[in-house]
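Read the structure below first, then the notes.
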Amino acid sequence: MKKFIVTVLTLLFLVSCNESNTVKETPRFRVYKTENIFTTLLLDTRTGRLWQTQYSLDDKHFEGTTPISTESHASATDPNGRFALTKTHNMWTYILADTKTGALWHCQFSIKDDESRFCIPLSSSKESSL
Numbered sequence: 002m003k004k005f006i007v008t009v010l011t012l013l014f015l016v017s018c019n020e021s022n023t024v025k026e027t028p029r030f031r032v033y034k035t036e037n038i039f040t041t042l043l044l045d046t047r048t049g050r051l052w053q054t055q056y057s058l059d060d061k062h063f064e065g066t067t068p069i070s071t072e073s074h075a076s077a078t079d080p081n082g083r084f085a086l087t088k089t090h091n092m093w094t095y096i097l098a099d100t101k102t103g104a105l106w107h108c109q110f111s112i113k114d115d116e117s118r119f120c121i122p123l124s125s126s127k128e129s130s131l
C-alpha cells in the first residue's frame, strides 16, 4: 500500500511539473472587434498583413474579406505575435505595431470603397528614436 501511495504521488508530481513547463503558443491570426457590428479586422500576427471581414444578415450587403494591407513586414521565420493592433478614438482607425522594432502604421478600414482602406507607415520625429 505504501508503494502504491508513493507511486501515485510521484505520478501526480510529474504531471504537475509537465503542465507548468507547457509554453502557450501564440496564434498566427487574431480577430479584432470594431465598433461596426458587421465588421471585424483579421491580423496576421507574424507578418503584419491585415484584412477587413464583413458579414451580413441579408443578401443585399457584401459579405467577405477585403485586404487592407497585404504587404508582409517580416520574414516567414519570425514568430507569431510580432504584430498587434491598437484601437484609436476614431472608430475607423487602428495603429499596427511591430513589437520587435517599434515601427508603427496608421491603418484604416472602410465600408465605402477601397481607396478609404489603407495602412501607411507612421514616421518618427527626429527627436524621438526608439
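Residue numbers (this note's numbering): 2 to 131. Glycine included, every Cβ here is placed at the ideal spot set by N, Cα and C. The structure presented is a predicted model; accordingly, all values stated were derived computationally and were not measured.
- Here Ser76 is exposed: its Cβ has fewer than 16 other Cβ atoms, across all protein chains shown, within 10 Å.
- In the displayed model, Asp114 falls within coil according to three-state DSSP, outside both helix and strand.
- When secondary structure is reduced to three states using DSSP, Phe84 falls in the strand class.
- Only residues of its own chain outside the window of five on either side were considered, and among them Phe39, Gln55 have a CB closer than 8 Å to the CB of His62, listed in chain order.
- Collapsing the DSSP output to three states places Phe30 in a strand.
- Arg29 is a Cβ neighbour of Thr46, given a cutoff of 8 Å.
- Under the DSSP definition of a beta bridge, Phe119 partners with Gln109.
- The C-beta separation of Leu51 from Ser70 comes to about 5 Å, placing the pair in contact by the 8 Å criterion.
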